[in-house]
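**Q**
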Amino acid sequence: MEEHEPLSTSLLTFEGTWRNLVTTRYVALAGYIVLLWDSILMLPRERRYIWSAPSSPLKWIYLVKKYVAILFLTLATITELSGMGGVIKSTMVCLFQSS
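Here the sequence shown stands for residues 110 to 208, where the numbers follow this note's numbering.
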């Protein structure tokens with residue numbers, strides 16, 4: 110027969126895990142915001158030096174790499190943060206039912 114942890118111990122472990130999850134998500138969001146801020150600040154220089162430069166493979170590699178990365182990070186950030194709503198609701202139900 111399995112032994113279960115006492116409810117107070119499992120709630121403490123859950124709370125610590127939840128806190129780490131929320132912290133990780135907000136740090137990831139902060140990093141994404143810094144990336145966007147840097148991209149916006151560098152846009153005038155990029156337009157002057159990259160977009161107006163003659164077409165070359167290096168120019169296209171740079172542009173594709175930069176904008177595809179921003180696109181994928183945008184989708185990943187939206188996916189990561191949108192998943193939090195369901196987790197918050199289900200945890201509140203679990204905590205309510207356990208008390």
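Ideal Cβ positions, reconstructed from N, Cα and C, are used throughout, including at glycine.
Put Ser191 into one of helix, strand or coil per three-state DSSP.
**A** Three-state result, Ser191: helix.
**Q** Can you list, in chain order, the residues of its chain with a C-beta nearer than 8 angstroms to that of Val173? Leave out the 5 residues immediately preceding and following it.
**A** Nothing listed; no residue qualifies.
**Q** Measuring only the C-alpha atoms, how far is Glu150 from Thr122?
**A** Sequence check: residue 150 is Leu here, not Glu. About 42 angstroms.
**Q** Taking the CB atoms as reference points, tell me whether Lys135 and Leu182 lie closer together than 8 angstroms.
**A** Position check: residue 135 holds Tyr in this sequence, whereas Lys was assumed. Not in contact: Tyr135 and Leu182 (Cβ atoms no closer than 8 angstroms).
**Q** Apart from the five residues on each side of it in sequence, which residues of its chain come closer than 7 angstroms, Cβ to Cβ, to Tyr171?
**A** Only Ile159 meet the Cβ criterion.
**Q** Would you kindly work out how many angstroms separate the C-alpha atoms of Tyr176 and Asn129, rounded to a whole number?
**A** Rounded to the nearest angstrom, the two C-alpha atoms are 30 angstroms apart.
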